Structures are given as C-alpha cells and as structure tokens.
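The sequence shown begins at 0 in numbering that gives the first Met the number 0 and counts up by one. This report concerns only the one structure given below.
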Amino acid sequence: MIRSGRDNIILRCRELSQQFMVDMYVKIDSERLRYLRYNQQKLRAEEYIHLRDAIAKNADTAEIGNSVILPSSYVGSPRHMQEYIQDAMTFVREYGRPCLFITFTCNPKWQEITSLLLPGQNAIHRHDITARVFKQKLKSLISFITKLHVFGPTRCWMYSVEWQKRRLPHAHILIWFVDKIRAEDIDSLISAEIPDPSTDQLLFDIVTTNMIHGPCGILNRSSPCMVDGKCTKRFPKDFINDTVTHIDGYPIYRRRSTENGGQSFIKTISNADIDIDNRWVEVIRIENTNVNAPPLNENDEITNYQIGRYISSNEAVWRIFGFQIHERDPAVIHLAVHLENGQRVYFTDDTALDRAINPPKTTLTEFFELCNRADAFGAFAQTLLYSEVPRYFTWAQSKKWMPRKKGTPVDACPGLFKSNNLGRVYTVNPRQTECFYLRLLLVNVTGPLSFQDIRKVDGQQYPTYKDACLALGLLEDDNQWDSMLAEAALNCTGTQIRLLFAIVLTTFFPARAQMLWDNHKDSMTDDILYRYRTRYNDLTISFSDAMYNESLIAIEDLCIAIANLPISHFGMSSPNRSASDLLNTDMNRELQYNTVEMAGIVSRNVPLLNDEQKIIYDRIMLAVSAGQGGFFFLDAPGGTGKTFLISLLLAEIRSKNGIALAVASSGIAATLLDGGRTAHSAFKLPLNIQNNPDAVCKIKKTIVYGHSAETM
C-alpha cells in the first residue's frame, strides 16, 4: 500500500479508506466462500465401507455421501476454531495449565506508528500501519519470551489475535515454562507496582502513562468503570506486602504502600493534583503497550458464517496482508480414529470407483503398518501409544509414518530422533459405541498390529472392542466414564460436560452415577460459577450447594429430554427445584447478562440521547426505580430512534441485575432488541383462539415470566 516516491490517495481518505478496505476484504472472502459453495457441492464424503458396498451394488454414486460445506481448512470457520481449541487443550493435557496468560494490546502511540502518519491523521485512519507494526511487535514479544528466555526456558506457547469492532488488535498468549512458576517466582515475573524512577526512568514513564487505572471512585465518580458507585474492575486494590496465590482464581499481587517501600507519583486530573500509589497499578508493561499477564438435520454453514461475522477495518487489513490469527509451538498432529474400513473418503462422480478399489490411508491404518515393520523402528513403535507416535515419526505426504531425522537422539532406537510435537486423537461421541471403545483402547494399548490385534487380550481374541475393554479392566467400576469426564473437563465447557454426562446416564446406565457426579460436579458447574462471579462482580465467590443444585436441574432436564427419565432413576439425588427462583431456566436466561457490559452501553449511549428522548428515558426510569409501574406508549416515525431508546432502557435495568423482558408482536421486531422474544413465546399466548374460545395463556407462576409479571 505504501510505495517509495508514490502517493496513494486511498490512504488519505480516513473513514472512506476504512470502508474501502472492508469492502475489498469482503470481496476476497466472498470469492473463497463462493468456491467452497459451488465446488465442494460436487465433493462428497462417506465412510469407505459404504462407498465400497454401493459400488459393488451398482448404486448411483450421486446419492452417496453428504456435502462438505465449510471445512476446518477455512480460517475462522467454526470447525477451524474448534480444532484450535482442541489443540490448545492438548498442551494442557500434556503439560498442565499454562504458566502465563498474556494480553498484548496495540498502542496507537507507538513511535513506529506515529512517525508514519500523514498530517492530520491518527492511528485509527491507518490500519495498514497499525497492522504491520503490531505484527512485528507481536513477533518480537514471542521471540523475547521463547528464544531469549527472559522468564526462563519455555516448553510450548500459542497465541490468538482478536479485534473488538473499531478498536486496534490485541493478542492472547499462553506460555508454558519448563519449570512451573512458584509463588515466590511471581514477583520476579509480574509487577503490580510503580517502578522506582531513580533506577529505571523509562519503565517508570511507561507504567505511569499506560498502566494506571482511572483513578475512579471518590476521586472520579464519572469514570466509565463506575456502576452503582463502585468500580467494576475493583479498584483501588488493597495494599499487600507479599503476593498471595489461590488454587482457584487470580493471585493477589504485591502492592506495597509508600511506608513499606512502594512508589507514588502525582497525576493531574481536572486541574487537581492526585497522589497515585500502587493501589491503582494494572500490571506489567513490556514493549510500551498494555500487557496484562495473570498466571494461570442440514445447515447452510457458509450462509450462517456470513450472517454472523463482523469485519472491522483493522481485521480486514490484517487478513488482506495474510497475517496469521493463530500460531503455536510445538505442532499438534491430528490422529484419526475410525472402525475398520470406516475411514472418511472424499470422492467425485469420476473418482468414486477408484476410491472404492483403493482404500484411503489414514494415520490409524498406517500406525498399524508401522507397528508391523520388521526393523528396529517397528519394534520401537510397538512400545508407543497411538498419541505418542508424532513425537518420533512424521506424517509424510506419501501418507506414511516416517522416522524423524532431527531432534533429540533416542538411545533405545539408533537413527531415530524425538521432537516436541504432540498427537491428539480425535474425540468420539459415546453413542458411537464401538468407535468409542476403540478409542479407549488406542489411548491405553501400546503397539497394536491391526484392528483385530487390538481386541486381543492375554492371547484371547474378543469379538468387540467393548469386550476387549472389559477384559483389560478399563470398564470396571465405571472407570471409563470417570476418565472420559476428566478428559472432557480439559476440553469442554460446563454446558457441554453436562450434556455428555446426561448422554452417559441415559445410554449406558453407569452403576455409580452418584460417584461420577461427586467426582466431576465442579467441572460440570464451572460455567455457573463464572456467571455468578460476573453477575456480582466478585472473583472470590466459590462453588455452593445452590450452584450444584442448578447444575443438577440442567442435567435432569437433559435426561428428561433424551429418555424421559429423572436422574433419580439412575441412583442420583433429585435436585431441589423450588430452592430458588434463580434456579429457574427462564430466570437464568434473564439474569445472565453481563452487568459490566450493560453499564458500558448505558454510559456510552445516554449522552447521545436528544432532548425528547432524554425526557422519555428519565420518566420511564423514574417509574422503574420508584416501583410505580405504568404503561408508556412510544410513537414516532421510523428511523427516529425508538429501538435505540428501548435498547438503552433494557441495558439500564439489566446493568443493575434487574429483569427487563423484551417482548414484541413479531419475530422480526423481536430480533431488533437484545434478548427479544415474541409475545406468543414469552407469555404462552394461544395461536388459534377462533376455534377454541376457552383458550388461555398457559403461563405458570413458577416460570420467570409468570413471576415477573406478578412482581413487575
């Protein structure tokens, strides 16, 4: 975009430049999606055994398989993002939780950015500059940590770049060290204190410029972080002489008072000099930017992706330049798991016969071939688990496992080298019973020679993979479900683990369901804990009986939906459904809004109200705060801000943990409001009242809408 000696008029057009960049990227993206839509409709996928049988029966190949719509190879697709999540969890399974979680934010005042701006421009007008500079700074930071080892030798790392609408990019970085961080090491890595200007003036200037919160509270009640007279970021912090760590949650960093060796400085706000001490410091500063580092049926998927995406001008430039949005080291190799002749095969009408004659090779079938080799490599492979193979062998383009030629020499096998690469065996739904048990064998049995050999235990051949698991003792005392839920805790959210547990209960009827719940109730409830902490802006909240009860209710609802059975049928204690209105599903839906986010919407948009809107806003909020109630009819021409005003009223009430029901007469109107629902859905209005004169609203007092209608 920038050429020496040539002026690019596009770069001088400010907001029009941003619009142009977004339009150009959307064109590029649309062409890629167009190719997927109109070419992969011809490319179908099916299990090899089904294709082979269909060819043998002279079936029409056009009727075999299903379309591949938006594959994981498309950057940013749901499958692509899910694969990266699973890969990140592979690091966690292998090395435990990351040592550092770093947020690296682009600083528009970087000298590399400001020096290239044209007269009258600021950083927001030149995303071509900010993208390039941020990319180089990010690369420098990763090298700073992983190659120079400023925090110590690193074992692995990964990062993801994100954008927040019109804002500049930021990266979330996870770092694993060879030596885990101890409590006494935290202060040497992370600082929440003002540096001493006499020893490091540059660092002092950076911290006092970039890493000071507010101030807010009694010093500045109009600060955007203030809600109900309190700081949503919990500033100012308390003084503390030593860092304190917690098993669950963030550590409390050392913040010494000036009497105990801390520093302070004077900051001028609204013509007043304010003494700023360590209570207002965010955390560490590197590269003159903000770096927060706390330890640690069929769907048209392409259309859904296009409808749901948001493309900012900065992201558009980043993607046009071809910069990566995810990077990691070491690599994670994906390992297939499938039944015999059950591997996925891709074919067109022209290639169907050839694919049926020549079954495709997969990492699993070639793992068996590797173990059957008659040389030293084959003998060594027989000592490995399936997931350990990528450490010593590389998956070549010829679809074979080849011995690595670089890395650490393996004493037990001359000529073989060990790398840091990790293997990840794809997860399998428990309802795919035989494939599920095959995976269970693959993660526990070393060096199998074939699909048949892996079912052999102590010289006896078993007919099914489940029987082999039983013979190995993998299914005794529900051990397989215990290990499965433990593995899921590393990969899945609480909602997903509850669904998995409900499937296990209703499909396999484990003998000790209550024990499984007791062992894994924390992981099944962690999303509920997070919601409580967010709602009440308090990170010290821990698991409670009420949260566990809510989780049990959600599990029982799933069991009823799947098999029409309560959890008591499986030997578990029934949840208390009358314990609290907060345990009601509908109530949870209305109380799950982020109060901090809602407060931010209010603080940003209230000043934008015109005089007439402000009068209406104040009148309605007065009635709400006084508990008077009332009916208000808002009438105005289209495009004059009715939806804007109503959305602001909803946000104001929700920011204070209140319930605001957004109800509209039509589905289209309901989609314009955050959390909007149709009146028929919210109040259970009957659809056909002409043929049923006795029809009534089937709303119950026990659900949130009945309770709210009674108390509003």
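Glycine included, C-beta positions come from ideal geometry on N, C-alpha and C. Source: prediction; values computed, not measured.
{"Query": "Over what stretch of residues does the beta strand (DSSP E) that includes Pro-402 continue unbroken?", "Result": "400-402"}
{"Query": "My parser needs the alpha helix (DSSP H) runs of 4 or more residues fully inside the segment 465-510; what are they?", "Result": "478-490 and 493-507"}
{"Query": "So if DSSP puts Val-442 in a beta bridge, which residue, or which two residues, is it bridged to?", "Result": "DSSP output for Val-442 lists no bridge partner at all."}
{"Query": "Starting from Ile-332, trace the beta strand (DSSP E) in both directions and tell me its first and last residue.", "Result": "331-334"}
{"Query": "If I follow the unbroken beta strand (DSSP E) through Glu-93, where does it start and stop?", "Result": "Not the beta strand (DSSP E): Glu-93 falls in the alpha helix (DSSP H), residues 77-94."}
{"Query": "Using the Cα positions of Gly-666 and Met-571, report the straight-line distance between them to the nearest angstrom.", "Result": "40 angstroms"}
{"Query": "Can you grab the Cα-Cα spacing for the pair Ile-27 / Ile-301, in whole Å?", "Result": "15 angstroms"}
{"Query": "Buried or exposed for Asn-38, please, with buried defined as at least 16 other CB atoms from any protein chain shown within 10 angstroms of its CB.", "Result": "exposed"}
{"Query": "Check whether the segment 505-518 touches the segment 101-115, taking contact to mean three or more Cβ pairs, one atom from each stretch, closer than 8 angstroms.", "Result": "no"}
{"Query": "Report the partner residues of Trp-175 according to the DSSP bridge assignment.", "Result": "Cys-155"}
{"Query": "Could you give the first and the last residue of the continuous beta strand (DSSP E) run that contains His-124?", "Result": "Taken as a continuous stretch (DSSP letters only), His-124 belongs to no beta strand (DSSP E), as it is neither H nor E."}
{"Query": "Using CA coordinates, which residue listed in Arg-253, Ile-502, Phe-631 and Gly-406 is at the minimum distance from Thr-432?", "Result": "Ile-502"}
{"Query": "Tell me, to the nearest whole angstrom, how far the beta carbon of His-325 is from that of Ser-139; I am working on the premise that it is less than 8 angstroms.", "Result": "Between Ser-139 and His-325 the Cβ distance is about 18 angstroms, and since that is not below 8 angstroms, they are no contact."}
{"Query": "Using DSSP with H/G/I as helix, E/B as strand and the rest coil, what is His-325?", "Result": "strand"}
{"Query": "Short of 7 angstroms in beta carbon distance, which residues of its chain neighbour Asn-559, apart from the five on each side in sequence? Order them along the chain.", "Result": "The question names Asn, yet the displayed sequence has Ile at residue 559. Within the same chain, Ile-559 has close Cβ partners Pro-565."}
{"Query": "With the cut-off set at 8 angstroms, would you say Ile-658 and Glu-596 are in Cβ contact?", "Result": "no"}
{"Query": "Indicate the three-state DSSP secondary structure (helix, strand or coil) for Ala-170 in the structure shown.", "Result": "strand"}
{"Query": "Out of Ser-646, Arg-576 and Gly-119, which one is the CA nearest neighbour of Gly-599?", "Result": "Ser-646"}
{"Query": "In whole angstroms, give me the CA-to-CA distance for Ser-579 and Pro-223.", "Result": "Low confidence applies to Ser-579: its pLDDT is 47, below 50, so where it sits in the model is not reliable enough to give any reading."}
{"Query": "Does chain B have any CB closer than 8 angstroms to the CB of Gly-307?", "Result": "Any reference to chain B falls outside this structure, which holds one protein chain only."}
{"Query": "Which residue comes first and which comes last in the beta strand (DSSP E) that contains Thr-113?", "Result": "Taken as a continuous stretch (DSSP letters only), Thr-113 belongs to no beta strand (DSSP E), being part of the alpha helix (DSSP H) at 110-113."}
{"Query": "Could you name each continuous beta strand (DSSP E) segment of 3 residues or more that falls completely within the segment 587-662, going from the start of the chain to the end?", "Result": "none"}
{"Query": "Less than 8 angstroms between the CB atoms is what I'm expecting for Ile-112 and Val-132, so what's the real figure, rounded?", "Result": "5 angstroms"}
{"Query": "With a 10 Å radius around its C-beta and 16 neighbouring C-beta atoms as the bar for buried, classify Ile-496 as buried or exposed.", "Result": "buried"}
{"Query": "Determine the direct distance from the alpha carbon of Ala-191 to that of Ser-197, and round the result to whole angstroms.", "Result": "18 angstroms"}
{"Query": "By a C-beta neighbour count over all protein chains shown, 10 Å radius and 16 as the cutoff for buried, is Lys-56 buried or exposed?", "Result": "Confidence is the limiting factor: at Lys-56 the pLDDT is only 46, short of 50, which leaves the residue's position unreliable, though a coordinate-based value still follows. That one is exposed."}
{"Query": "Inspect the CB distances between the segment 379-397 and the segment 414-433 and report whether three or more fall short of 8 angstroms.", "Result": "yes"}
{"Query": "In terms of alpha-carbon separation, which member of Ser-221, Gln-262 and Leu-218 lies closest to Phe-238?", "Result": "Gln-262"}
{"Query": "Going by Cα to Cα distance, which pick from Tyr-309, Asn-563 and Asp-6 is closest to Gln-163?", "Result": "Tyr-309"}
{"Query": "Cutting at 6 angstroms between CB atoms, please list the residues of its own chain near Phe-203, excluding the five before and the five after it.", "Result": "Pro-194 and Pro-196"}
{"Query": "With a Cβ-Cβ cutoff of 8 angstroms, do Ala-635 and Gly-629 count as a contact?", "Result": "no"}
{"Query": "Within 10 angstroms of the Cβ of Cys-12, are there 16 or more other Cβ atoms? Answer buried if so, exposed if not.", "Result": "exposed"}
{"Query": "Tell me the rounded alpha-carbon separation between Leu-15 and Leu-35.", "Result": "30 angstroms"}
{"Query": "Alpha carbon to alpha carbon, how far is Val-280 from Asn-121?", "Result": "27 angstroms"}
{"Query": "What is the C-beta distance between His-333 and Tyr-436, in whole angstroms, given that I count them as a contact (C-beta under 8 angstroms)?", "Result": "About 21 angstroms separates the two Cβ atoms, so there is no contact after all."}
{"Query": "Where Leu-484 and Ala-650 are concerned, what is the direct C-alpha to C-alpha distance, given to the nearest angstrom?", "Result": "38 angstroms"}
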